[in-house]
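**Q** Let me give you the structure first, and then I'll get to my questions.
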Amino acid sequence: MVAEGDFIVTVSKKDVVAAVLPLQEHWLPLSNLDLLLPAIDFGVFFCYKKPTAADFGSFGSTVDVLKKAMAEALVSYYALAGEVVYNYDGEPELLCNNRGVDFVEAYAEVELRDLNLYNPDESIEGKLLPKKKKNGLLSVQATELKCGGIVVACTLDHRIADAYSTNMFLVSWAGIAQSKPMSVLPSFRRSILNPRRPLCIDHAFDDMYLPISSLPPPPPPNNTPEEANGNNLISRIYYIKSEQLNELQLLASSDECKRTKLESFSAYLWKMVALSGNDNDGSGTRISKMGVVVDGRTRLSSSKGDHVNKSISMDSYFGNVLSVPFGGQKVNELIEKPLSWVAKRVHDFLENAVTKDHFLGLIDWVEARRPDPAISKICATGSKDGPAFVVSSGQRFPVSKVDFGWGKPVFGSYHFPWGSDAGYVMPMPSPAHNSDWVVYMHLSEKQLDLIETQASNVFERLTFNYLAA
Numbered sequence: 001m002v003a004e005g006d007f008i009v010t011v012s013k014k015d016v017v018a019a020v021l022p023l024q025e026h027w028l029p030l031s032n033l034d035l036l037l038p039a040i041d042f043g044v045f046f047c048y049k050k051p052t053a054a055d056f057g058s059f060g061s062t063v064d065v066l067k068k069a070m071a072e073a074l075v076s077y078y079a080l081a082g083e084v085v086y087n088y089d090g091e092p093e094l095l096c097n098n099r100g101v102d103f104v105e106a107y108a109e110v111e112l113r114d115l116n117l118y119n120p121d122e123s124i125e126g127k128l129l130p131k132k133k134k135n136g137l138l139s140v141q142a143t144e145l146k147c148g149g150i151v152v153a154c155t156l157d158h159r160i161a162d163a164y165s166t167n168m169f170l171v172s173w174a175g176i177a178q179s180k181p182m183s184v185l186p187s188f189r190r191s192i193l194n195p196r197r198p199l200c201i202d203h204a205f206d207d208m209y210l211p212i213s214s215l216p217p218p219p220p221p222n223n224t225p226e227e228a229n230g231n232n233l234i235s236r237i238y239y240i241k242s243e244q245l246n247e248l249q250l251l252a253s254s255d256e257c258k259r260t261k262l263e264s265f266s267a268y269l270w271k272m273v274a275l276s277g278n279d280n281d282g283s284g285t286r287i288s289k290m291g292v293v294v295d296g297r298t299r300l301s302s303s304k305g306d307h308v309n310k311s312i313s314m315d316s317y318f319g320n321v322l323s324v325p326f327g328g329q330k331v332n333e334l335i336e337k338p339l340s341w342v343a344k345r346v347h348d349f350l351e352n353a354v355t356k357d358h359f360l361g362l363i364d365w366v367e368a369r370r371p372d373p374a375i376s377k378i379c380a381t382g383s384k385d386g387p388a389f390v391v392s393s394g395q396r397f398p399v400s401k402v403d404f405g406w407g408k409p410v411f412g413s414y415h416f417p418w419g420s421d422a423g424y425v426m427p428m429p430s431p432a433h434n435s436d437w438v439v440y441m442h443l444s445e446k447q448l449d450l451i452e453t454q455a456s457n458v459f460e461r462l463t464f465n466y467l468a469a
C-alpha cells in the first residue's frame, strides 16, 4: 500500500476551456454578501472507478467528454469563465469576458484503493487538486490513476460561489455530459440582494463581523514543531455511522425539544474541541467559540403574493447567500455540562440567524460600510480567547449526481484549508452507506489527536475498505 501521499503526479497537458458560444463582455458586480468573503479558494474532488462503458475506452475520451460538457455549461454559468478585477473603490467585481476555465490533465502513479483519503493534505492537496490562477475563478484537473480510475477536482474562488452554487454547477456539468437538459438555469441577478432604502442598521452585526482594516497584524509563523505545539491546522476525513448520529441526537435532545442531527453533532464536537483547549492550570476559564454557516436562500424566499418570482430566483441564485452566527462559552462549562445543555446553546445562537430579517439586516450592514471590506469575526479573530471552529453543513452535497456517464463517484468531498486560525468542519452524506456521514475536518493536530483518542467510536478514519464495503 502507498504510504501517505508518496506518489508521483505528472501533468500531461494544460488547456483553457471557454464557453462554446460567444458571449457579450460585461461587468458583473458582487453582492453585499459576496463582499463578506475574502480572496480565498476552496476545492472539491470526486473519485471514480475505471470506466467500463465502451464510449470511454481511454482516458483521453473521458477528458473530451468533460471538456465538451464544460464548454456547454459555461454558456449558462458564464461568470465562471471570467476573471476578478477591481473597481475604482478597490472592490472586486467580475469581468465576464469568457477567458475560460483552466483545465489540467495528469497521471498519478497510484491506485484508487491506495489513495489515503483520510489525509487529504498528503493525497489531494497539491497533487490531485489544481492551483487556481490569480484572477481566474475556476480551475479543473482530471487525473488518471494507475488502475484506470479517475479523479476530477475543482478549485473555485469563494467570492463568487458558495457550496450551494457549486453543487448546482457540478450537477449541471455532469448532466450535460450525459446529454440531459439542465434542470435549473443559474441566476446572477444581484438586484434580489439589494439593500433596503432607507437602510435599517442593526448594530448586533458589529458582534458578528468586523472591518478588515481593524484587524491586528498577523502573528509570526510557527517556525519549529516546539513553537507550533500541535496548533498547526491540518485536514482529515472521517466517517460517522448512522447509529452514532442517532445516539448523539438522543443525548442532545430533551423531553421538551428534539435537536437536529446537525445541532447534536456540532454540540458534541464543541465539547471535544473545548477539552483540547483547557487551561494549563485546569481553571477552564478560556472562551471557546463555535460558528455554524447558515444559507439564507430559503429565508429570503417567499411564495406569497408578489414574491413568487423572487422565490424562484433564490432557488437558482448563483453566489454567496451565507451568514456565520457563532456562540462563545467557557471551556469548563462546555466540558462539564451535559450534551443537551451544549446543544441548546447551539440552537440559541442559531435561532436569530435563520430568519429573513437577519439576512436583510446583514445586507444593509455591509452597505453602510462600503467600500471598506468586512469579514466574519470568528473566522478572523475567533481563536484569540480560546479554541474556535466553524461547522458548515454539506448534507446537500450531491455526490451521487456528479456522474459524467461512466458511473457514480466512489467518493467525493470538499477540501477547504481556509487559512484561518479557526477550524472548519463540513459533514456530508456518505456515498457508500445510507444515513452515515463523511466529515471533512480542518482542525489543529492537538484537537484531532484528542478526538481520535477519546471519540474514536464516533469519528472513524475514512478508508477505502469502508467505501467498498
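Just so you know, we're using full-length UniProt numbering here: the sequence shown kicks off at 1 and counts up by one.
Positions of the beta carbon are idealized from the N, C-alpha and C atoms, including for glycine.
What you are looking at is a predicted structure, and each value in this text was computed from that prediction instead of being measured.
#1: Say whether the region 142-158 touches the region 103-110, bearing in mind that this needs 3 or more beta-carbon pairs closer than 8 Å, one atom from each stretch.
#2: Am I right that P427 and S400 are in contact with their C-beta atoms under 8 Å? What's the rounded C-beta distance?
#3: So what's C379 in DSSP terms, helix, strand or just coil?
#4: Leaving out five residues before and five after R396 in sequence, what residues of the same chain have Cβ atoms less than 8 Å from its Cβ?
#5: Which residue wins for smallest C-alpha separation from P398, given the options V438, K127, L250, D348?
#6: I believe Q447 touches P387 by the beta-carbon criterion, under 8 Å. Please report the beta-carbon distance rounded to the nearest angstrom.
#7: Within 10 angstroms of the Cβ of R159, are there 16 or more other Cβ atoms? Answer buried if so, exposed if not.
#8: Could I get the ranges of all uninterrupted beta strand (DSSP E) runs contained in the region 237-302, with 3 residues as the minimum, in chain order?
#9: Distance, Cα to Cα, F464 vs L115?
#10: By alpha-carbon positions, which one of V321, S383, M314, Y78 ends up nearest to P218?
#11: DSSP three-state call for V308: helix, strand or coil?
#12: So what does DSSP say about P22, is it helix, strand or coil?
#13: From A81 to E256, what distance separates their C-alpha atoms?
#14: Verify whether the separation of the beta carbon atoms of L233 and P120 is less than 8 Å.
#15: From G146 to F59, what distance separates their C-alpha atoms?
#16: Give the straight-line distance between the Cα atoms of V390 and K289, rounded to the nearest whole angstrom.
#17: Would you list the one or two residues that DSSP bridges to D15?
#18: Grab the span of the alpha helix (DSSP H) containing W341 for me, first residue to last.
#19: Quick one: using the 10 Å Cβ neighbour count with 16 as the cut-off for buried, is P225 buried or exposed?
#20: Which runs of the beta strand (DSSP E) fall wholly inside the region 169-226 and span at least 3 residues, in chain order?
#21: Please list the terminal residues of the continuous beta strand (DSSP E) segment that includes P92.
#22: By a C-beta neighbour count over all protein chains shown, 10 Å radius and 16 as the cutoff for buried, is L245 buried or exposed?
#23: Measure from the alpha carbon of N457 to the alpha carbon of each residue in H26, K241, K49, then state which is nearest.
#24: Could you tell me the alpha carbon to alpha carbon distance between A153 and L137, rounded to whole angstroms?
#25: Given this structure, state the Cα-to-Cα distance separating Y239 from H433, to the nearest angstrom.
#26: According to DSSP, is A432 part of a helix, a strand, or is it coil?
#27: For F46, which residues does DSSP report across the bridge?
#28: Kindly indicate which residue of G277, P130, S123 has the alpha-carbon position closest to the one of S235.
**A** To lay it out plainly:
#1: Yes, they touch.
#2: Taking 8 Å as the upper bound for CB-CB distance, P427 and S400 are not in contact here, some 16 Å apart.
#3: The answer is helix: DSSP assigns C379 an H, G or I state.
#4: Within the same chain, and ignoring the five residues on either side of R396 in sequence, the residues whose Cβ sits closer than 8 Å to its Cβ are A163, Y164, N167.
#5: Taking only the C-alpha atoms, the option nearest P398 is V438.
#6: The Cβ separation is near 7 Å, so the contact holds.
#7: Label assigned to R159: buried.
#8: Runs of the beta strand (DSSP E) inside the region 237-302: 287-292.
#9: Those two C-alpha atoms are separated by around 8 Å.
#10: Considering only alpha carbons, the answer is S383.
#11: At V308, the pLDDT of 43 sits below 50, so the modelled position is not reliable; the number obtained from the coordinates is stated separately. The answer is helix: DSSP assigns V308 an H, G or I state.
#12: Here P22 sits in coil by DSSP.
#13: Their backbone Cα atoms lie some 51 Å apart in a straight line.
#14: Here L233 is not near P120, since their CB atoms are 8 Å or more apart.
#15: The amino acid occupying residue 146 in the given sequence is Lys; Gly does not appear at that position. If you draw a straight line from the Cα of K146 to the Cα of F59, it is about 11 Å long.
#16: If you take the alpha carbons of V390 and K289, they lie about 9 Å apart.
#17: DSSP output for D15 lists F103 as bridge partner(s).
#18: Here the alpha helix (DSSP H) through W341 covers 339-351.
#19: Confidence in P225 is poor, its pLDDT being 49 and thus under 50, which makes the residue's placement unreliable; the coordinate value appears in the next sentence. Around the C-beta of P225, fewer than 16 other C-beta atoms lie within 10 Å, and the residue is accordingly described as exposed.
#20: Counting whole runs of 3 or more residues, the region 169-226 contains the beta strand (DSSP E) stretches 209-211.
#21: P92 -> beta strand (DSSP E) spans 92-96.
#22: With 16 or more Cβ atoms within 10 Å of its Cβ, L245 is classed as buried.
#23: When only C-alpha atoms are compared, the closest one is K241.
#24: Just so you know, the alpha carbons of A153 and L137 end up roughly 14 Å apart.
#25: Distance between the alpha carbons of Y239 and H433: 10 Å.
#26: The answer is coil: DSSP assigns A432 none of H, G, I, E or B.
#27: Per DSSP, V152, G412.
#28: Residue S123 is the option with its Cα nearest to S235.
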